[in-house]
């Protein structure tokens, strides 16, 4: 079976305006990226307990926890190297909005796995874009981390497929991806790693 590519999975690409904004706001980008890695580790750890009846899930999820925390350490180290203070930031609306949508629209037992897969896929896509437009250590970091995001994207999707029939998974993930596409292309006045379009084109 051919490996599913992120470009085939996601419904929309990141707006060019977000990439341009990211290149201008690198300190903010890196601080929020560090937060995202920490939250990704916490999410994977919580799923070890949520799916404790699926004993084989724990091994895959524990690997993801370790990788995400390692990524957090790498981003944090880069912040120190660049003399960027790791300050508190309010969280992105993105993950919260995906989970809220899932809860309000026919929730399933595997939504958290599918949402994690979507978030990892979007992260991979943005890592690729950032690697191309940024320079120096920051670009190098994104090039270094992107392959693990792709691996996590596929791992979460595979775990969900072990819980339900393929047709059910496909239908649900397409529904969630439709909403994700709206979040990514909608105007967002708060720049974060997973924020939407920073340019308001409605008026």
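Residue numbers (the numbering used here): 17 to 219. For each residue, glycine too, the CB sits at the ideal point set by N, CA and C.
The DSSP assignment places complete alpha helix (DSSP H) segments of no fewer than 4 residues inside the stretch 66-144 at 71-97 and 110-120, in order along the chain. Annotation: the continuous alpha helix (DSSP H) that includes residue 190 extends over 182-201. A straight line joining the alpha-carbon of residue 92 with that of residue 167 spans about 22 Å.
When DSSP states are grouped into helix, strand and coil, residue 205 belongs to the coil group.
A distance of 7 Å or more separates the beta carbons of residue 136 and residue 87. Annotation: residue 44 to residue 102 spans about 9 Å, alpha carbon to alpha carbon. The DSSP-derived three-state label of residue 213 is strand. Here residue 21 carries a coil assignment [DSSP, helix/strand/coil]. Around the beta carbon of residue 141, a 10 Å sphere encloses 16 or more other beta carbons of the protein chains shown; the residue is thus reported as buried. The Cβ-Cβ distance between residue 35 and residue 200 does not fall below 7 Å. Contact check for residue 48 against residue 208 passes: the beta carbons are separated by less than 7 Å. Under the 8 Å Cβ criterion, the stretch 148-168 does not count as touching the stretch 64-78, having fewer than three qualifying pairs. Taking 7 Å as the cut-off, the beta carbon of residue 164 is found no closer than this to the beta carbon of residue 89.
When DSSP states are grouped into helix, strand and coil, residue 49 belongs to the helix group. Nearest to residue 162 by C-alpha distance, out of 146, 150, 176 and 172, is 146. Residue environment: residue 60 is assigned as buried (16 or more neighbouring CB atoms within 10 Å of its CB, all protein chains considered).
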